[in-house]
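**Student:** Below is one structure. I have some questions about it.
Residue numbers (my numbering), protein chains in the order written: chain A, 25 to 275; chain B, 31 to 226.
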């Protein structure tokens, strides 16, 4: 059976991890390579790096970081943030990234999805969607949920699938940071609608939230950041618990 | 020492990184003469099988590859290349192992690409899978698969349909998953290949 995936997400800036990381046996909490290695040892199925480097010049450090990660870890990883052209994606591919995630740039210019899929294959293209529930429905937001668009989330995801995205990373801005659980209703709706893998993001607060998201929405993967970084949820224990709840998991 | 056939089909950074981590020496094969420098050969590959085959043909290395009697390992699309035929672009492949590469059909009611960790059931007698237990998870990313064949399948996987996770004919081996991304299990497999 294909296992459900558990994915820690790391924010990186200028080649260093940001946000507090609270691992006991970590020598350098800002070192993305060491952190990635720790997570792979703990049984993470995959990693996502979100690059929040502001300037284009400093993006060279991101490429170096991706190379270091690819050299050291033996599980797949995705890198996202600031990718708006084919050459950005190609540089990351050549540095060893398994997948890239695109967000705002694809909303602004949807053809980017077709171009990336054509050039590197659908398996390389993850579409990240930040969604918020407004009175008239679920709406795509840009810039980390700050800017609403006119686009309905469901319509955008359907279009992106047709254009050639290989996977959807759906973040509920209503849930993100609340620790009140994933947006299982929306996730189920989206998951039933598409025939590509869906990663749930936003709202993980405790282990039960992961059981709920897999049981209620049947998504392929669940992503979280702070609950893993602060050690509030330990991946080996989480995976055992999921397994005990008859959820297909790689131990 | 392992030679990697360099025909421009996708990125091989992760593969070479894995070999380096394992302390396995490797080099690139760009010409027919280069094959003599190595005692085992890897054919990597990602992307479109038809396009990959065309690139491989363009190198002029196909006759040499077919004549090899050293251990050869095709990975992912590299595995599909050693079959007869792929439905991806309806392309003729190398024809080293007489099986077909097919697309996952909608009838199986599964998501495509088949992406993530799935369980593999190896044939214990195949040296490539030595020390790898039944139901071990490997990392897969593919939309096309090689049909199950009782003669040439040395490891199978289920995804709505039973398909070949590993195939072998004589010195030619192929794996559909990515050993370089499959944690410890993948590392065992790469080491097994290096010691065949």
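For every residue, glycine included, the Cβ atom is placed at its ideal position computed from N, Cα and C.
With respect to 7 Å, is the separation between the Cβ of residue 261(A) and the closest non-hydrogen atom of the ligand MG below this value?
**Tutor:** The model depicted lacks the ligand MG and carries no ligand whatsoever.
**Student:** Taking all protein chains shown into account, do 16 or more other C-beta atoms lie within 10 angstroms of the C-beta of residue 132(A), making it buried, or fewer, making it exposed?
**Tutor:** One-based indexing of the first chain puts residue 132(A) at position 108. Its Cβ having fewer than 16 others within 10 Å, residue 132(A) is exposed.
**Student:** Identify each residue in the segment 203 to 233 of chain A for which the Cβ-Cβ distance to at least one residue of chain B is less than 7 Å, and report them in chain order.
**Tutor:** 219, 220 and 221
**Student:** Just the chain A side, please: which residues come within less than 7 Å of residue 135(B) by C-beta, in chain order?
**Tutor:** Working through the second chain from its first residue, we reach residue 135(B) at position 105. Contact note: residue 135(B) does not reach chain A at a C-beta cutoff of 7 Å; the least C-beta distance is about 12 Å.
**Student:** Look at residue 211(A) and residue 222(A) and say whether their C-beta atoms are less than 8 Å apart.
**Tutor:** What you label residue 211(A) is simply residue 187 of the first chain in a count that begins at 1. What you label residue 222(A) is simply residue 198 of the first chain in a count that begins at 1. Pairing residue 211(A) with residue 222(A) gives a Cβ-Cβ distance under 8 Å.
**Student:** Strictly under 8 Å for the Cβ-Cβ distance: is residue 48(B) near chain A by that measure?
**Tutor:** As a position in the second chain, residue 48(B) is number 18, starting the count at 1. Answer yes: the Cβ-Cβ gap between residue 48(B) and chain A drops below 8 Å somewhere.
**Student:** For residue 87(B), write down the residues that DSSP places opposite it in a beta bridge.
**Tutor:** For the purposes of this step, residue 87(B) is identified with residue 57 of the second chain, where counting begins at 1. BP columns for residue 87(B) are empty, so no partner.
**Student:** Using the DSSP secondary-structure output, state which residues sit across from residue 132(B) in a beta bridge.
**Tutor:** Taking the first residue of the second chain as position 1, residue 132(B) is located at position 102. Residue 132(B) pairs with 175(B).
**Student:** Assign residue 199(A) to one of three DSSP states: helix, strand, or coil.
**Tutor:** One-based indexing of the first chain puts residue 199(A) at position 175. In this structure, residue 199(A) counts as coil in the three-state DSSP scheme.
**Student:** Note down, in chain order, each residue of its chain lying with its Cβ closer than 7 Å to the Cβ of residue 206(B), except the 5 sequence neighbours on either side.
**Tutor:** By one-based count along the second chain, residue 206(B) stands at place 176. Only residues of its own chain outside the window of five on either side were considered, and among them 106, 109, 170, 172, 175, 176, 194 and 195 have a CB closer than 7 Å to the CB of residue 206(B), listed in chain order.
**Student:** If the cut is a Cβ gap below 7 Å, which residues of chain B does residue 191(A) touch?
**Tutor:** In the first chain, counting from the first residue as 1, residue 191(A) sits at position 167. What residue 191(A) touches in chain B: 145.
**Student:** Quick one: which residues of the segment 33 to 45 of chain B get their C-beta closer than 9 Å to a C-beta of chain A? List them in chain order.
**Tutor:** 40, 41, 43 and 44
**Student:** Contact defined as beta carbons within less than 8 Å: I believe residue 191(A) pairs with residue 220(A). What is the distance between those atoms, to the nearest angstrom?
**Tutor:** Indexing the first chain from 1 puts residue 191(A) at position 167. Indexing the first chain from 1 puts residue 220(A) at position 196. That pair is a contact at about 6 Å.
**Student:** Which residues in chain B have a C-beta closer than 8 Å to the C-beta of residue 25(A)? List them in chain order.
**Tutor:** Along the first chain, one-based indexing puts residue 25(A) at 1. What residue 25(A) touches in chain B: 148, 149 and 188.
**Student:** Under a CB-based cut-off of 8 Å, is residue 217(B) close to chain A?
**Tutor:** Counted from its first residue, the second chain places residue 217(B) at position 187. By this cut-off, residue 217(B) is an interface position.
**Student:** Would you say residue 56(B) faces chain A, with C-beta separation under 8 Å as the test?
**Tutor:** For this step, residue 56(B) is matched to residue 26 along the second chain. No - not a single Cβ of chain A is within 8 Å of the one on residue 56(B).
**Student:** Can you list the residues of chain B that residue 29(A) reaches, using a CB-CB cut of under 8 Å?
**Tutor:** The sequence position of residue 29(A) within the first chain is 5, counting from 1. Residues of chain B passing the Cβ test: 146 and 147.
**Student:** Alpha carbons only, please: which of 224(A), 143(A) and 102(A) is nearest the one belonging to residue 155(A)?
**Tutor:** Locating residue 155(A) in the first chain gives position 131, where the first residue counts as 1. Nearest option by C-alpha distance: 224(A).
**Student:** Round the Cβ separation of residue 93(A) and residue 57(A) to the nearest angstrom and send it over; I've been treating them as touching at under 8 Å.
**Tutor:** Translated into positions along the first chain, residue 93(A) becomes position 69. Translated into positions along the first chain, residue 57(A) becomes position 33. At roughly 6 Å, the Cβ-Cβ gap stays under 8 Å, so residue 93(A) and residue 57(A) are in contact.
**Student:** Tell me whether residue 140(B) sits in a helix, a strand or coil according to DSSP, three-state version.
**Tutor:** Here residue 140(B) refers to the residue found at position 110 when the second chain is read from its first residue. Residue state, collapsed to three classes: coil.
**Student:** Count the C-beta pairs between the segment 57 to 72 of chain B and the segment 132 to 145 of chain A that are closer than 8 Å, then say yes if the count reaches three, no if not.
**Tutor:** no
**Student:** Output needed in chain order: residues of the segment 150 to 167 of chain B with a Cβ under 8 Å from some Cβ in chain A.
**Tutor:** Against chain A - using a Cβ distance shorter than 8 Å - the residues of the segment 150 to 167 of chain B are 167.
**Student:** Are at least three pairs of beta-carbons, each pair with one atom in the segment 123 to 138 of chain A and one in the segment 106 to 114 of chain A, less than 8 Å apart?
**Tutor:** yes
**Student:** Look up residue 148(B) in the DSSP assignment and say whether it is helix, strand or coil.
**Tutor:** Here residue 148(B) corresponds to residue number 118 of the second chain, with the count starting at 1. In this structure, residue 148(B) counts as strand in the three-state DSSP scheme.
**Student:** Cβ closer than 9 Å: which chain B residues qualify as neighbours of residue 248(A)?
**Tutor:** Stepping through the first chain from its first residue, residue 248(A) is reached at position 224. Here the premise fails: no neighbours, minimum Cβ distance about 17 Å.
**Student:** Below 8 Å, how does it come out for the segment 44 to 62 of chain B and the segment 60 to 78 of chain A: are there three or more Cβ pairs, yes or no?
**Tutor:** no
**Student:** Secondary structure at residue 39(B), three-state DSSP: helix, strand or coil?
**Tutor:** Counted from its first residue, the second chain places residue 39(B) at position 9. Coil, per DSSP.
**Student:** What span of residues does the beta strand (DSSP E) with residue 172(A) cover, start to end?
**Tutor:** What you label residue 172(A) is simply residue 148 of the first chain in a count that begins at 1. Per DSSP, residue 172(A) belongs to the beta strand (DSSP E) from 171 to 176.
**Student:** Per DSSP, which residues does residue 155(A) bridge with? Please list them.
**Tutor:** Position 131 of the first chain, counted from the start, is the residue given in the question as residue 155(A). For residue 155(A), which the question treats as bridged, DSSP gives the partners 164(A) and 196(A).
**Student:** Specify the secondary structure class of residue 37(A) as computed by DSSP and reduced to three states.
**Tutor:** Taking the first residue of the first chain as position 1, residue 37(A) is located at position 13. It is a strand residue.
**Student:** How big is the Cα-Cα spacing for residue 192(B) and residue 186(B)?
**Tutor:** The residue you call residue 192(B) lines up with position 162 of the second chain. The residue you call residue 186(B) lines up with position 156 of the second chain. Taking the Cα positions, residue 192(B) is about 7 Å away from residue 186(B).
**Student:** Compile a chain-ordered list of the residues in the segment 92 to 107 of chain A whose CB is closer than 8 Å to at least one CB of chain B.
**Tutor:** 94, 95, 96, 98, 99 and 100
**Student:** Just to make sure I have the definition right: I need the residues of chain B whose C-beta is within less than 7 Å of the C-beta of residue 112(A). Which are they?
**Tutor:** As a first step, residue 112(A) is located in the first chain; it is residue number 88 there, counting from the start. Ordered by position in chain B, no residue passes the 7 Å Cβ test against residue 112(A), which lies about 15 Å from the chain.
**Student:** DSSP state of residue 212(A), grouped into three classes?
**Tutor:** Within the first chain, the letter at position 188 stands for residue 212(A). Helix.
**Student:** Taking contact to mean 3 or more Cβ pairs, one atom from each stretch, closer than 8 Å, check whether the segment 259 to 275 of chain A and the segment 38 to 54 of chain B are in contact.
**Tutor:** no
**Student:** Under the three-state reduction of DSSP, which class applies to residue 71(B): helix, strand or coil?
**Tutor:** By one-based count along the second chain, residue 71(B) stands at place 41. The DSSP-derived three-state label of residue 71(B) is strand.
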